[in-house]
Every structure is written in structure tokens, then in C-alpha cells.
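Below is one structure, written out as C-alpha cells, with a few remarks after it.
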Amino acid sequence: MHIKAVDLAKSFDGRQVLDKFSCNIEPGSALGILGPSGSGKTTAIRLLLGVYKADGGEALFDEKQLDRKTRNVIGYLPQERGLYPQYPLIKVLVHFARLKGLARKKAHVEAVRLLDRFGMIEEMEVPVRDLSRDHLEKVQIMATIIHNPEILILDEPFTGFTDMNRSLVHKMVNRFKEDGKVIIIASEEMALAEPLCDEVVLLEHGKTILKGPVHQLKQKFQDNIILVEGPDNLNLLKKIQGVKKFIKEKQLVRLYVDNQIPAQRVLDIIIKSVNISRIEVAPCSLNDIFLELSGNGTLDKGGAQ
């Protein structure tokens, strides 16, 4: 399955929440739609899924509009998660499988297979409301993949999950990639999403500020990134030659230094200028790239969804 979106746009009450969103996702690859809360990630996903009608642009699945057949091969983990707490676990999983077109017998077989794989076979008759938090998270994952989807769409898959289940998400995504499937990950937790993504679209206030293959973007932004922490007035470091951008987070500052200037020279100047408790040259990450490009240099928590 190949997914292509061109210039998707959406407004609510006259406010533009997504503007000209485009992507191109090949089988066996994962696209990250990344940005802070309110940047338009969920809106982009809901446009792809047909939950919202776009004001402009289009999304194509194998060069066709989204139809019922394609909907049934999508596995979607929404940001707002919900199950049916009063029903036994096996019935809930069968229900989700049936929604995706599986026959009842096949749905039951797949539910049992997943329960066994996730180590929950003994809880198949337990009401969902009586499951532990860890197991509830596993049920969310199982409900997303029970029909063995060709397209996996995960909206904030790391938020609220335990470290163990975050690891399960990573393993699941890598397995789907190996099987030649399409994965879309929307997340504000860039450090967790980055290892899984082949390409990314970085959003801020509904606009695309950067897109492309992860390895190419990291090559493009090769500035030295120096982290400095200390009790002194670190604003003095703004004036060091070669510092292109200065971002302060309490007592920690992040300096983006022109890669034409040796990092050691800047380190020496910093050490002579202020008292420090920590200093290091950090590898460039997608989060660093976002902060360098961001209009206000912070991960903004407001705005569109």
C-alpha cells in the first residue's frame, strides 16, 4: 500500500489548523508526523482517515480515494483511547476484529492468538475494567493490530504507556516495516519516535516547517550543539562568535554553533566565561532541529490539535 497526501488543509471556525500538509509513504517505511501539542498532527491523521473532510488537497491510497476496503486494512491507535470496560477481554477483541471485516470464527482465532502472544491468555474472560494498567495498554495494542493491518497509524503511541509497552510499540513498528507495511506515527515525543521513522514531517502551528528522510535532515543540520548548565548568568554565551541560536530552559542552555567553528574553541571560551556544572557536545536530534527552526525556540503546548 502506498499513501500520498497533497496539500491537505483544514480550518475550524475560521482558524487554520493545518495548512498544505503533504506526505508520500512507501511500503515498508514509517513516516513520523512530529511536533508539539497543538501543531496539527491529529488533524492530519483524521484527514487521512476521512474523519474530517479536507478544505483542500487530497489523500490517495494506491492512487485511489479512501474506501471501505482500504478502511478495513488500517489499524488505528487513537490519541483518545477507549475500550468497553464491562465486557470480557475476549469479547472486546473479537468486536474490534469484526469491525474490520473478519468473520466471527476468524476473529476469535486471532484474538486467542494475540492473547497468547502477549501473555494474557489466562485473562481472556476477565472484564476489561478489572485489568491492570499494563494489561489495558496491551489490549489497546492488540485491538489495533488484531486484523493484521496493511497500514498502521499510531497517534501519540508513547503517551501514558509504561516503558515496557513503549518497547512493545517499537518492536511492533519494526516488525510491520519488515513485513512491507506502511506506518504513520504522530508524536510530540520526538526522541522516542525518531529511531522508528524513515521520513518525518515537522509541524508547528499547523504548518510544515521541515520534511524529508531523517538521515538527510540530520546531515543538513550539522551544527555543533553544546549543552551548558550552571549557576551563572548564561545569557553571556549568546555573544560567543559562531553561536547561531541560543535556547534557555531554566539553568540549561542549548547553543547551536556554526559547524565551521571547531567545537573545542567554543568549549574553551565557555569554560573561561562562566561557572558551569555541566557541559557537553550533543549529537543532533530531530528535537534539536525542531528547536532550531521553531519560531519561539520552545515546544509550544497550545494551538491546533
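Note that the working numbering has the sequence shown beginning at 8, numbered continuously upward.
We treat Cβ as the ideally placed atom computed from N, Cα and C, and that holds for glycine.
Residue interval of the beta strand (DSSP E) (run including residue i)
i: T50; result: Note, T50: premise wrong, no beta strand (DSSP E); alpha helix (DSSP H) at K48 to L55.
i: R22; result: R22 to I32
i: K11; result: I10 to F19
i: E65; result: G63 to F68
i: L38; result: A37 to L41
i: I189; result: Reading off the sequence shown, one finds Val at residue 189, where the question assumed Ile. Per DSSP, V189 belongs to the beta strand (DSSP E) from V189 to S194.
First through last residue of the alpha helix (DSSP H) which encompasses residue i
i: R173; result: D170 to E185
i: D74; result: Run containing D74: none; DSSP gives neither H nor E here.
i: L96; result: L96 to L106
i: L84; result: Note, L84: premise wrong, no alpha helix (DSSP H); beta strand (DSSP E) at I81 to L84.
i: L199; result: M197 to A200
i: K113; result: R111 to R124
Nearest-angstrom Cα separation, counted from residue j out to residue i
i: D20; j: H115; result: 44 Å
i: F68; j: I40; result: 18 Å
i: V273; j: L199; result: 30 Å
i: R53; j: T215; result: 17 Å
i: H48; j: D123; result: The sequence given here places Lys at residue 48; His does not occur at that position. Cα-Cα distance, rounded: 34 Å.
i: A289; j: D295; result: 10 Å
i: G126; j: R120; result: 10 Å
i: L210; j: L217; result: 7 Å
i: K225; j: P202; result: 13 Å
i: N303; j: I247; result: Model confidence at N303 stands at a pLDDT of 48, short of 50, so the residue's coordinates are unreliable; what they give is reported in the following sentence. Approximately 21 Å, taken between the alpha carbons.
i: L143; j: K107; result: 21 Å
i: S36; j: I191; result: 9 Å
i: N282; j: L241; result: 9 Å
i: L55; j: T169; result: 28 Å
i: Q258; j: G42; result: 24 Å
i: L38; j: R182; result: 15 Å
i: V133; j: I81; result: 27 Å
i: R111; j: S44; result: 39 Å
i: K11; j: P34; result: 12 Å
i: D275; j: V207; result: 35 Å
i: R105; j: G63; result: 33 Å
i: V99; j: E117; result: 12 Å
i: A51; j: R78; result: 16 Å
i: I158; j: S292; result: 27 Å
i: S18; j: V58; result: 14 Å
i: A150; j: V101; result: 9 Å
i: E256; j: M171; result: 29 Å
i: E65; j: E130; result: 43 Å
i: N155; j: E70; result: 22 Å
i: M197; j: K76; result: 32 Å
Cβ distance (whole Å) where residue i is taken to contact residue j below 8 Å
i: Q23; j: G213; result: 6 Å
i: V146; j: L96; result: 7 Å
i: D205; j: V221; result: 6 Å
i: I152; j: M179; result: 7 Å
i: E299; j: F228; result: 7 Å
i: R136; j: Q72; result: Incorrect: roughly 39 Å between the Cβ atoms, too far for contact.
i: S284; j: E236; result: 5 Å
Minimum Cβ-Cβ distance from residue i to chain C less than 8 Å
i: I128; result: Reference to chain C is not applicable here, since this structure consists of a single protein chain.
Item to complete: Go through the segment 210–294 residue by residue and report every complete run of the beta strand (DSSP E) that reaches 3 residues or more, in order.
Response: 214–220, 231–236, 250–256, 259–264 and 285–289
Worksheet item: Between the segment 220–232 and the segment 247–263, do three or more beta carbon pairs fall short of 8 Å?
Response: yes
Practice prompt. Assess, as a yes-or-no matter, whether the segment 80–89 is touched by the segment 23–33 under the definition of 3 or more beta carbon pairs within less than 8 Å.
Written response: no
Discussion item. Which complete alpha helix (DSSP H) runs does the segment 127–168 hold, if anything under 4 residues is left out?
Written reply: 140–152
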